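Asks: Chains as they are written, first to last, in UniProt numbering: chain A, 1 to 209; chain B, 1 to 209; chain C, 1 to 209.
From the three backbone atoms N, C-alpha and C, an ideal C-beta is built for every residue, glycine too.
Please read these numbers as outputs of a predicted model, since none were measured by experiment.
Structure below; questions to follow.
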Amino acid sequence: MSEVVVDSAFAVVNAIGLVAFALVGATKGIRAGFDPFGVVVVGLVTAFGGGTTRDILVNRIPLSVQTASNLSYGLLGVALAVGLALVISDPDRHPATQFADAAGLGAFAATGSIVATDAGLSAFGVVAVATINAVGGGALTDLLLDRSPFVLLEDIYAIPAVLGGISYVAVTGLGLRGATVVCVVVTVGTRLLAVSRGWDLPPMKELLA
Amino acid sequence: MSEVVVDSAFAVVNAIGLVAFALVGATKGIRAGFDPFGVVVVGLVTAFGGGTTRDILVNRIPLSVQTASNLSYGLLGVALAVGLALVISDPDRHPATQFADAAGLGAFAATGSIVATDAGLSAFGVVAVATINAVGGGALTDLLLDRSPFVLLEDIYAIPAVLGGISYVAVTGLGLRGATVVCVVVTVGTRLLAVSRGWDLPPMKELLA
Amino acid sequence: MSEVVVDSAFAVVNAIGLVAFALVGATKGIRAGFDPFGVVVVGLVTAFGGGTTRDILVNRIPLSVQTASNLSYGLLGVALAVGLALVISDPDRHPATQFADAAGLGAFAATGSIVATDAGLSAFGVVAVATINAVGGGALTDLLLDRSPFVLLEDIYAIPAVLGGISYVAVTGLGLRGATVVCVVVTVGTRLLAVSRGWDLPPMKELLA
């Protein structure tokens, strides 16, 4: 029964992450001037890139090439991006897109934590895989769009995912339930706080000068 | 005996793809002003990048690091590129290079379909791996050359590989023979038609405006 | 007993490589104007990128996500880079950084050779994995910094790693001991010679003109 709960938690959080990140990625693709096929590709790479990297790291055939059922979530996210672009101008910076991005970050920090824990990784490995799962799709998309990944330039982007992974390990390690929910709440909460308060870190160069 | 036919079909199509994509990649490297070693590296990355990604996705040690025998096909392609650069100016846009690119695309859509089918992936997984195998080497090369991958900007480039993968699945699913040949013909045919007729898709932005 | 020697040789050389490449990567990150978190990420990607790629190629869960113990070497390298930036201007081109880069190149050519030999790859595969292990972290970092990988532009960078891998295979093949040391010495020696003498190769374009 415990396993059923874990599996359905994974399925729900995974679906949320796929829709959210496909929306964010497709929005970037529309802004970059791609044709419809390119927009779909960028949306799907953003949605599936992190999880595919995660599955390669834990040495199994990626879910993304095993089943078509997840594809519908990715396409739903792309469709939402097209709809959003019709009703609002500059959706790239709209709060709806920023919220979707934070939701995807939290969802994938959680799925990364779940899969890495199942694969028997150490606490360090769980946090590392959670972070890579969360930021991997966006970083891959930025490489495709020929720009330096957002995660390196945006100050508080990977840090919420690291905190989410740590909170998942802590809750699980204490033998408590609800690790998935705590991970999502911590990641999304710290990310939205950072965005809304404009938190940032000064360049290292300045600190050294 | 059936397995022997499949294996030799794989070997022939794989050799064609390696020569063709090494030629295309080395031509890009010469144009970009690399030294001879860099030209060889870019040619080999283009030739072996897609298949290595495919093997990682189906969770096996890549053929490219298991055996040196394929290396000779890659080096042959690089040598052809050097020869081509000696006899024609601007080989990057020459019909011979465009034909080699289409041939590589078709060959690797076929090898991707064969390997993914052997690995027991679903129909969706076969089409996904065929497409990634076909466009992966070129996309990786474009990242190395610090530009946005061709596949996102060129309108009808990945679509022929998707159609090739679908036709492979269809022929195999109907229990017919010749799936490899059909896949190559569909991919190369639609790609060459798109190039010669100048088919393209409008940017998504325009469709939404 | 032989295995203990191999394992401790791996551990020592791996630690050297991690510290050296984290220093080189973090120095690039400071120069690029990243904040402290970004500098740590770039340092760790440079240190762990090559070995993670190597482990994916030989189809095992990467060491980098299995254990936290290596992380301390990476962080030590980042700390050294920060210290270096405080005492010298332009550390990117300082001999100390170039020596660290050569040391990392040699160390990872050796760890790549050891792991690939253990995985049962052919002689060709050992040289290929040694080279990818040695140049992979730096190439990945350059992609993140949105520039064409150093390895394609710097003339004699991958070649020393190829020579180091070949020397490892030769010493092992002859049944002699000390393959790890020979590999490191050959790689570091040829790289430092190339840097100090300013060796380079002319662009292929010029050779063809």
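Is it true that the CB of residue 171 of chain C sits closer than 7 Å to the CB of residue 161 of chain C?
Replies: Taking 7 Å as the Cβ cut-off, residue 161 of chain C and residue 171 of chain C do not qualify as a contacting pair.
Asks: Would a C-beta distance cut-off of 7 Å place residue 152 of chain B and residue 137 of chain A closer than the cut-off?
Replies: No, they are not a contact pair.
Asks: Any C-beta of chain B within less than 9 Å: which residues of the segment 80 to 108 of chain A qualify?
Replies: Within the segment 80 to 108 of chain A, the qualifying residues are 82, 85 and 86.
Asks: Taking DSSP as the reference, what is the three-state secondary structure of residue 34 of chain A?
Replies: The answer is coil: DSSP assigns residue 34 of chain A none of H, G, I, E or B.
Asks: List the residues of chain C that residue 41 of chain B touches, going by C-beta distances under 9 Å, in chain order.
Replies: Neighbours of residue 41 of chain B on chain C, chain order: 151, 152 and 158.
Asks: Quick one: Cα of residue 60 of chain B to Cα of residue 187 of chain B, how far?
Replies: Going by the C-alpha atoms only, they are around 26 Å apart.
Asks: Where does residue 68 of chain B sit, in a helix, a strand or coil, going by DSSP?
Replies: If DSSP states are grouped into helix, strand and coil, residue 68 of chain B belongs with coil.
Asks: Among B/33, B/135, B/108 and B/127, which has the Cα closest to the Cα of residue 92 of chain B?
Replies: Among B/33, B/135, B/108 and B/127, the Cα nearest to that of residue 92 of chain B is on B/33.
Asks: Chain C beta carbons: is any one of them nearer than 7 Å to that of residue 61 of chain B?
Replies: Chain C, which has a Cβ nearer than 7 Å to the Cβ of residue 61 of chain B, makes this yes.
Asks: Which two residues bound the contiguous alpha helix (DSSP H) that contains residue 140 of chain A?
Replies: Run containing residue 140 of chain A: 123 to 144, per the alpha helix (DSSP H) assignment.
Asks: Using the three-state DSSP reduction, which class does residue 148 of chain A fall into: helix, strand or coil?
Replies: Note: residue 148 of chain A maps to coil in three-state DSSP.
Asks: Along the alpha helix (DSSP H) that carries residue 218 of chain B, what are the first and last residues, could you check?
Replies: For residue 218 of chain B there is no data in the structure shown, the boundaries of chain B being 1 and 209.
Asks: Since residue 67 of chain A meets chain B, which of its residues come closer than 8 Å, beta carbon to beta carbon?
Replies: The answer, in chain order, is 122, 124 and 125.
Asks: Would you decide whether residue 164 of chain B is buried or exposed? Buried here means 16 or more other CB atoms lie within 10 Å of its CB.
Replies: By the neighbour-count rule (16 or more Cβ atoms within 10 Å), residue 164 of chain B is buried.
Asks: Once DSSP output is grouped into helix, strand and coil, what is the label at residue 60 of chain C?
Replies: Coil.
Asks: Answer with buried or exposed for residue 12 of chain C, where buried requires no fewer than 16 other C-beta atoms within 10 angstroms of its C-beta.
Replies: So residue 12 of chain C ends up on the exposed side.
Asks: Check the Cβ of residue 166 of chain B against every Cβ in chain A and list those closer than 8 Å, keeping chain order.
Replies: Chain A residues near residue 166 of chain B: none, gap ~12 Å exceeds 8 Å.
Asks: My output table needs one value for residue 199 of chain A: the three-state DSSP class, helix, strand or coil.
Replies: Of the three classes helix, strand and coil, the one that applies to residue 199 of chain A here is coil, per DSSP.
Asks: Taking a contact to mean a Cβ-Cβ separation below 7 Å, would you say residue 42 of chain C touches residue 141 of chain C in this structure?
Replies: Result yes, Cβ atoms of residue 42 of chain C and residue 141 of chain C sit closer than 7 Å.
Asks: What's the C-alpha gap between residue 124 of chain B and residue 196 of chain B?
Replies: Their backbone Cα atoms lie some 30 Å apart in a straight line.
Asks: I need the straight-line Cα distance from residue 22 of chain C to residue 71 of chain A, nearest angstrom please.
Replies: Their Cα atoms are separated by approximately 38 Å.
Asks: Might you give, ordered along the chain, the residues of its own chain that have their beta carbon closer than 6 Å to the beta carbon of residue 102 of chain C, omitting 5 neighbours on each side?
Replies: For residue 102 of chain C, where only same-chain residues beyond five positions count, the Cβ hits under 6 Å are 188, 191 and 192.
Asks: Thinking C-alpha only, which one of B/183, B/166, B/156 and B/148 is nearest residue 199 of chain B?
Replies: Ranking the options by Cα distance to residue 199 of chain B, first place goes to B/156.
Asks: Determine whether the beta carbon atoms of residue 78 of chain C and residue 26 of chain C lie at a separation below 7 Å.
Replies: Taking 7 Å as the Cβ cut-off, residue 78 of chain C and residue 26 of chain C qualify as a contacting pair.
Asks: State the Cα-Cα distance for the pair residue 173 of chain C and residue 146 of chain A, rounded to the nearest angstrom.
Replies: So the alpha carbons of these two residues sit roughly 44 Å apart.
Asks: Which term fits residue 1 of chain C, buried or exposed, when burial requires 16 or more other beta carbons within 10 angstroms of its beta carbon?
Replies: Confidence in residue 1 of chain C is poor, its pLDDT being 36 and thus under 50, which makes the residue's placement too unreliable to answer from.
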